[in-house]
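Peer 1: Below you will find the structure I want to go over with you.
In UniProt numbering, the protein residues as written are 1 to 118.
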């Protein structure tokens, strides 16, 4: 069981992910609606894993990954991308993300990515 921070600007997406993760036996310890809040919550909550949306207001996901990894080189981050964001996914992996899942989320794929990241 992992302690997870969910980062997505869409409340509906956070709710969907939270549902998949809690049913999979994980604990969602926090949520953030953009990259800036994600960095703050990461330091505050010290999650095992972060699920990070790519496109968000204030600070986008790839930049947030870089900032979190600067503070904690061992941070485990799984990117969440919509279809057609392959270029962004590559940037995210280069920035230090461990894996990525594609929206709309499929429960099994989400849980596999979390398992691999742990």
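Just so it is clear, CB atoms sit at the ideal spot from N, CA and C, and this is done for glycine as well.
Values in this document were obtained by computation on a predicted structure and should not be read as measured data.
Rounding to the nearest angstrom, what Cα-Cα distance links residue 6 and residue 12 in this structure?
Peer 2: If I take the Cα positions, the gap works out to 12 Å.
Peer 1: Quick check on this structure: which residue in 3, 74 and 109 has the alpha carbon closest to the alpha carbon of residue 101?
Peer 2: The residue with the shortest Cα to Cα distance from residue 101 is 109.
Peer 1: Assign residue 93 to one of three DSSP states: helix, strand, or coil.
Peer 2: Three-state result, residue 93: helix.
Peer 1: Would DSSP call residue 77 helix, strand or coil?
Peer 2: Correct three-state label for residue 77: strand.
Peer 1: Going along the chain, which residues of its own chain have a beta-carbon closer than 7 Å to the beta-carbon of residue 88, five neighbours each way excluded?
Peer 2: Around residue 88: 54, 62 and 81.
Peer 1: Who does residue 62 pair with in a DSSP beta bridge?
Peer 2: According to DSSP, residue 62 bridges with nothing at all.
Peer 1: What separation, rounded to the nearest whole angstrom, lies between the Cα atoms of residue 116 and residue 10?
Peer 2: Each residue's alpha carbon lies about 25 Å from the other.
Peer 1: How long is the line joining the alpha carbons of residue 74 and residue 47, rounded to whole angstroms?
Peer 2: Rounded to the nearest angstrom, the two C-alpha atoms are 11 Å apart.
Peer 1: Going straight from the alpha carbon of residue 1 to that of residue 49, what length do you get?
Peer 2: Distance between the alpha carbons of residue 1 and residue 49 is about 11 Å.
Peer 1: Taking DSSP as the reference, what is the three-state secondary structure of residue 105?
Peer 2: Residue state, collapsed to three classes: coil.
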